[in-house]
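Let me begin by presenting the structure, written as structure tokens, before commenting on it.
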Ligand code: TZP
Ligand code: MG
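In this note's numbering, the protein residues as written are 3 to 220.
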């Protein structure tokens, strides 16, 4: 694959919140994102599988007001149309979503992330990708159709094979965050560790603290 070296912002040493509004009750998603940004989240991926288009746009605009004032990039999962309509900072696609080449026709300068679940996915990854979402590192109940867990060794093997920023996701929390970083992740992405936390701000602060201290010790 072609390792592109983009000059735009990259997720290195960042905590990424991937949203799931259904896990946020009794809070609203906007409340959780606001708290998570205060706790130190450095990138938000809006991933809402159950919203129709109009509700998705409304939600994206509400979240964008928060991310923009925090100076944090907002990436939309899967929905190129929504990313274009709201002027998001980027789009994250999976293996069976729109191709990166097609996304680049419409978002030449935005941040584009691609999910990979195996070494084979890495080797097949196209040019034009700014970062890779590597998943699932550990088993997770949050994504019903997640592939088999890569484990820390699987993550390390992918790390050894690419210079692209790696955003690890799947079963990550404060208890294993440092191990994931030590096995080659540049950044960590979480859903339930923040969305379902009793205190999303404190949960984000703890994870962001792990990333900061690990990056300082490298
Ligand atoms: N993509 C791969 S695993 C996953 C996604 C969206 C879910 C991760 O959720 P959690 O709660 O952080 O394990
Ligand atoms: Mg997808």
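Glycine included, every Cβ here is placed at the ideal spot set by N, Cα and C.
Keep in mind it's a predicted model, so treat the numbers as computed, not measured.
query	result
Less than 8 Å between the C-beta atoms of residue 197 and residue 22, yes or no?	yes
Below 7 Å, is the gap between the Cβ of residue 81 and the nearest heavy atom of the ligand TZP?	no
Quick check: what's the CA-CA separation for residue 92 versus residue 76?	7 Å
Hey, would you say the C-beta of residue 169 is under 7 Å away from at least one heavy atom of the ligand MG?	no
Do residue 95 and residue 118 have their CB atoms nearer than 8 Å?	no
Going by the beta-carbon positions, is the gap between residue 68 and residue 39 smaller than 8 Å?	yes
On the DSSP letters alone, give me the boundaries of the alpha helix (DSSP H) that residue 163 sits inside.	153-163
Are there 16 or more other CB atoms within 10 angstroms of the CB of residue 172, so buried, or fewer, so exposed?	buried
For a test of the three-state rule: what should DSSP assign to residue 191, helix, strand or coil?	strand
In three-state DSSP terms, what is residue 114?	strand
Taking a contact to mean a Cβ-Cβ separation below 8 Å, would you say residue 2 touches residue 185 in this structure?	Since the first residue of the chain shown is 3 and the last is 220, residue 2 is not available in this structure.
At the level of alpha carbons, what is the spacing between residue 147 and residue 56?	26 Å
Quick one: what does DSSP say residue 69 is sitting in, helix, strand or coil?	helix
Counting C-beta neighbours from all protein chains within 10 Å, is the total for residue 45 16 or more, i.e. buried, or is it exposed?	buried
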